[in-house]
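2 protein chains.
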Amino acid sequence: MSWNLSSDRPIFAQIVEHIELDIASGKLPPGAKFPSVRELASEASVNPNTMQRALSELERKGLLRTDRTVGRFVTYDKREIERLRKEKASSSVSGFLMQMKKLGIDKDGVLELIKENYQKEET
Amino acid sequence: MSWNLSSDRPIFAQIVEHIELDIASGKLPPGAKFPSVRELASEASVNPNTMQRALSELERKGLLRTDRTVGRFVTYDKREIERLRKEKASSSVSGFLMQMKKLGIDKDGVLELIKENYQKEET
DNA sequence: ACCGCTGTATTAGGCAACTAATACAATAGC
DNA sequence: GCTATTGTATTAGTTGCCTAATACAGCGGT
Chain A
-14 MSWNLSSDRP
-4 IFAQIVEHIE
6 LDIASGKLPP
16 GAKFPSVREL
26 ASEASVNPNT
36 MQRALSELER
46 KGLLRTDRTV
56 GRFVTYDKRE
66 IERLRKEKAS
76 SSVSGFLMQM
86 KKLGIDKDGV
96 LELIKENYQK
106 EET
Chain B
-14 MSWNLSSDRP
-4 IFAQIVEHIE
6 LDIASGKLPP
16 GAKFPSVREL
26 ASEASVNPNT
36 MQRALSELER
46 KGLLRTDRTV
56 GRFVTYDKRE
66 IERLRKEKAS
76 SSVSGFLMQM
86 KKLGIDKDGV
96 LELIKENYQK
106 EET
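Residue numbers (my numbering), protein chains in the order written: chain A, -14 to 108; chain B, -14 to 108.
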């Protein structure tokens, strides 16, 4: 994983989000085993405790399972994962559109900008 | 203004963003006069110092002008305002699309979701 | 000239959150 | 049974933000 952490937001929150995305997108498939807390922490250049906090949060959300002295695994519950994916997509969309509305940009403007942006990437 | 402040991010930053949006969208037109620091602070239930910090930041960005003993005004520079609007729209779009990409949702999926969302609002 | 209003500066204190260091607990595997 | 490796708990320290109190400076209106 390429941890791209900035200091303008809580580290643990960024890690949570990062891993959530990897699970939601399927990059981390159901049942995938995680490295140990210490290993992950070292990899991300972060205190083990910080990593632990992130992982606990993910467990609280039901995305991770823990076998106490064995390690952690992505949940096998594919429905939960799909729910997560939908939820994240939906909130992204509505947040984005709300922002555009506040900027006074209507539906046509939004679609325009998006198509523009995709064309830029097709180079 | 309806200050809708949450505690999960610095207050002053939220205020900055709020006012930026009002300026970018034209809700606060060029040359519009601001209430005094103390008045705004009271209105937003915030310490004057916090409000001042936000306003200073906006001034640093060139969006506000100060007439020392008279008050503050939105800049008259319409080009600067338009630049702000473009900049905010652009960063919103690219951030949104990056998120969708990470979720594994392609162009068609994005357009689909957006149209869905707009239909929902047309009730 | 004075009073009231504007913005500005300074200092201090407290609170909450994040990070860190270290010690503890439990089990798998040899 | 011992050791290594896992997750967990506890305590401590640092930082950033917000608040507060107070003082200063300059202009307008009466």
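Positions of the beta carbon are idealized from the N, C-alpha and C atoms, including for glycine.
If you follow the beta strand (DSSP E) that A/V55 is part of, which residue opens it and which one closes it?
-> Premise fails: A/V55 is in no beta strand (DSSP E) and is neither H nor E.
Cross-chain neighbours of A/L48 in chain B, by beta carbon under 8 Å = Going along chain B, no residue has its Cβ under 8 Å from A/L48, so there is no contact; the nearest lies around 15 Å.
Can you tell me which of the three DSSP states B/K46 falls into?
-> B/K46: coil per DSSP, three-state reduction.
What residue does the alpha helix (DSSP H) around B/A(-2) start on, and which one ends it?
-> I(-4) to A9
Can you tell me where the alpha helix (DSSP H) with B/F19 in it begins and where it stops?
-> No alpha helix (DSSP H) contains B/F19, which DSSP labels as neither H nor E.
Does the beta-carbon of A/M36 have 16 or more other beta-carbons within 10 angstroms, so that it is buried, or is it exposed?
-> buried
Kindly indicate which three-state DSSP category B/I66 falls into: helix, strand or coil?
-> Residue state, collapsed to three classes: helix.
Mind checking whether A/I0 and A/A29 have CB atoms under 9 Å apart?
-> yes
Cβ of A/G89 less than 9 Å from any chain B Cβ?
-> yes
Distance between beta carbons of B/L25 and B/L48, contact taken as under 8 Å | Incorrect: roughly 15 Å between the Cβ atoms, too far for contact.
Evaluate B/T60 with the Cβ neighbour count: other Cβ atoms within 10 Å of its Cβ, from every protein chain shown; 16 or more gives buried, anything less gives exposed.
-> buried
Inter-residue spacing [alpha-carbon to alpha-carbon] between A/T51 and A/A(-2) = C-alpha separation (whole angstroms): 20 Å.
Coil, strand or helix - B/D(-7) by DSSP | coil
Taking A/G94 as the reference, which of B/I99, B/D91 and B/I4 has the closest Cα?
-> B/I99
Indicate the three-state DSSP secondary structure (helix, strand or coil) for A/Y103 in the structure shown.
-> DSSP, reduced to helix, strand and coil, places A/Y103 within a helical segment of the structure shown.
With 9 Å as the threshold, decide whether the Cβ of B/V55 is near any Cβ in chain A.
-> Judged by the 9 Å Cβ criterion, B/V55 is not in contact with chain A.
If you check the beta carbons only, do A/F19 and A/G80 fall under 9 Å apart?
-> no
Taking just the CA atoms, how far does A/S27 sit from A/N34?
-> Each residue's CA atom was taken as its position, placing A/N34 and A/S27 some 11 Å apart.
What number of angstroms, rounded off, separates the C-alpha of B/A9 from the C-alpha of B/F58?
-> 14 Å
Got a sec: is the Cβ-Cβ distance from A/A9 to anything in chain B below 9 Å?
-> yes
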